[in-house]
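Peer 1: For the record, the sequence lines run as chains A and B.
Quick note: the first sequence, position 67, residue 74 per the working numbering, numbers continuous.
Quick note: the second sequence, position 51, residue 106 per the working numbering, numbers continuous.
For every residue, glycine included, the Cβ atom is placed at its ideal position computed from N, Cα and C.
Computed from a predicted structure; not experimentally measured.
I have a structure here, written as structure tokens, and I will follow up with some questions on it.
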Amino acid sequence: MPQRRLIRNISITDLVRYRLPAPGVLSILHRVSGALMFVLLPVVLWLFDLSLRSQVSYRQLQQVADGWLAKVVLVVLAWALLHHLLAGVRHLALDLDLGVDRVTSRRSAWIVFAVSVPLAAWAALIIFGVL
Amino acid sequence: MSVGARRLVVGAHYGLRDWLVQRATAVVLAVYAIALAVVVASSRPIDYDAWASIFAPLGMKIATLIAFVALAYHAWIGMRDIWMDYVRPTLLRLLLDLATILWLAACLLWAVQILWRV
Chain A
8 MPQRRLIRNI
18 SITDLVRYRL
28 PAPGVLSILH
38 RVSGALMFVL
48 LPVVLWLFDL
58 SLRSQVSYRQ
68 LQQVADGWLA
78 KVVLVVLAWA
88 LLHHLLAGVR
98 HLALDLDLGV
108 DRVTSRRSAW
118 IVFAVSVPLA
128 AWAALIIFGV
138 L
Chain B
56 MSVGARRLVV
66 GAHYGLRDWL
76 VQRATAVVLA
86 VYAIALAVVV
96 ASSRPIDYDA
106 WASIFAPLGM
116 KIATLIAFVA
126 LAYHAWIGMR
136 DIWMDYVRPT
146 LLRLLLDLAT
156 ILWLAACLLW
166 AVQILWRV
């Protein structure tokens with residue numbers, strides 16, 4: 008086998024000044040949101056368990072959800088789910104060869120942010136009891 | 056088998072099946088999530104009885120369990136991709152793969168227990 012040329016990736020310190028286009032930001036956040044939901048899966052199952060086991064555990068869940076840390080976790084989860092879902096729908100469209108060109112893919116990335124961020128903010132207002 | 060001078064292609068289908076399963080499970084999860092959101096929104100204001108009655112019918116238990124199976128498989132492929140991209144030492148990566156599979160299997164069984172107690 009011929010010797011392969013070693014290709015250096017950018018260093019981790021370059022990340023700060025590396026300007027990703029919107030689809031790049033969307034893509035890495037797709038991965039981050041997925042990993043977050045994987046890590047928080049036992050928390051979600053615990054909350055799901057509390058919500059369904061009994062009237063008593065349902066009230067326990069309401070008490071748990073009153074804490075500010077729980078609210079922050081719920082907001083993060085809401086954002087992660089919304090971003091992952093919408094970025095995933097965009098990804099499926101790209102897989103079908105829809106909107107692959109640069110102009111359209113950048114526009115669709117901005118559309119994902121324009122929908123996911125306000126929806127996550129709305130969820131945050133509900134979770135923190137403002138709405 | 057090698058393609059051209061540079062690329063060494065190993066294994067049947069070269070990851071196509073996982074790629075496809077990731078998309079199929081994504082569709083299942085998207086449909087389930089949106090359907091659940093609609094059901095919950097239409098039964099507001101929600102209390103314990105309303106919430107529990109959503110998951111009481113066998114059909115909903117099965118649909119939810121299928122969504123959990125899809126979630127576990129989808130999460131496995133996604134986490135495997137992350138380990139493959141960022142964890143270079145083979146032994147560590149294989150241990151993380153194994154831990155991910157065991158963890159997701161445990162979560163899946165927990166989900167069965169939660170659902171069938173309602």
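#1: Under 9 Å between beta-carbons, which chain A residues line up against residue 173/B? List them in chain order, please.
#2: Touch check for the region 117-136 of chain A and the region 76-94 of chain B: three-plus C-beta pairs under 8 Å?
#3: Is there a C-beta anywhere in chain B that falls below 8 Å from the one on residue 96/A?
#4: Please name the residue, chosen from 64/A, 45/A, 134/A, 125/A, that lies closest to residue 76/A on a Cα-to-Cα basis.
#5: If we call anything under 8 Å between Cβ atoms a contact, is residue 123/B one with residue 59/A?
#6: In whole angstroms, what is the alpha-carbon distance linking residue 148/B and residue 158/B?
#7: Find the residues of chain D that neighbour residue 92/A, judging by a C-beta separation of less than 7 Å, and give them in chain order.
#8: Measure from the C-beta of residue 169/B to each C-beta in chain A and report whether the shortest distance is under 8 Å.
#9: I'd like the span of the alpha helix (DSSP H) that includes residue 95/A, first residue to last.
#10: Determine, using beta carbons only, whether residue 153/B and residue 127/B come nearer to each other than 8 Å.
#11: Out of 61/A, 40/A, 113/A, which one is the CA nearest neighbour of residue 27/A?
#12: To the nearest angstrom, report how far apart residue 73/A and residue 64/A are at their CA atoms.
#13: How far does the alpha helix (DSSP H) with residue 73/B in it reach, from first residue to last?
#14: Return yes when the Cβ of residue 105/B is within less than 8 Å of the Cβ of residue 92/A, no when it is not.
#15: Answer with yes or no whether the minimum CB distance from residue 25/A to chain B is below 8 Å.
Peer 2: Here's the rundown:
#1: Residues of chain A whose Cβ lies closer than 9 Å to the Cβ of residue 173/B are, in chain order, 59, 60.
#2: no
#3: By this cut-off, residue 96/A is an interface position.
#4: 134/A
#5: no
#6: 15 Å
#7: Included in the structure are the protein chains A and B, with no chain D among them.
#8: Chain A contact via Cβ: present.
#9: 75-102
#10: no
#11: Of 61/A, 40/A, 113/A, the residue nearest in Cα terms is 113/A.
#12: 14 Å
#13: 71-97 is the extent of the alpha helix (DSSP H) around residue 73/B.
#14: Contact flag unset, no.
#15: no
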